[in-house]
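Read through the structure below, which is laid out as structure tokens, and then see the notes.
Residue numbers (the numbering used here): 7 to 127.
Structural data, given as structure tokens:
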């Protein structure tokens with residue numbers, strides 16, 4: 007019984023030590039380094055978004071964060087809250103990777119149960 011308790015304690019301690027590293031590595035993904043800043047720039051630059059949310063915007067942390075890689079191609083998506091001086095909403099962002107370069111695929115603002123597509127070009 008002591009051996010089982012020791013094993014559980016060691017495994018638990020190992021997970022507690024390694025988990026923050028795994029979470030930190032996830033934060034260094036292409037979506038965090040490339041896609042998220044590009045999406046936020048597009049949202050801030052959109053006149054439609056500014057008219058709905060206001061000029062001052064802040065973005066929440068990502069939810070539903072997911073991406074997959076398959077050689078030189080991949081895809082990813084995440085959701086994030088966005089708060090403006092007039093209102094708040096949620097962003098749904100998708101991206102694709104082609105030849106190891108990530109590009110925004112779509113950005114949608116959901117506000118008051120309405121979906122507003124944000125131009126990505």
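We treat Cβ as the ideally placed atom computed from N, Cα and C, and that holds for glycine.
Residue 66 has no beta-bridge partner at all, per DSSP.
8 Å or more divides the Cβ of residue 38 from the Cβ of residue 64. Only residues of its own chain outside the window of five on either side were considered, and among them 82, 83, 84 have a CB closer than 8 Å to the CB of residue 72, listed in chain order. A distance below 8 Å separates the beta carbons of residue 124 and residue 49. Judged by DSSP secondary structure, residue 78 falls outside any beta strand (DSSP E); it is assigned neither H nor E. In summary, residue 66 is exposed, with fewer than 16 beta-carbon neighbours lying within 10 Å of its beta-carbon over all protein chains present.
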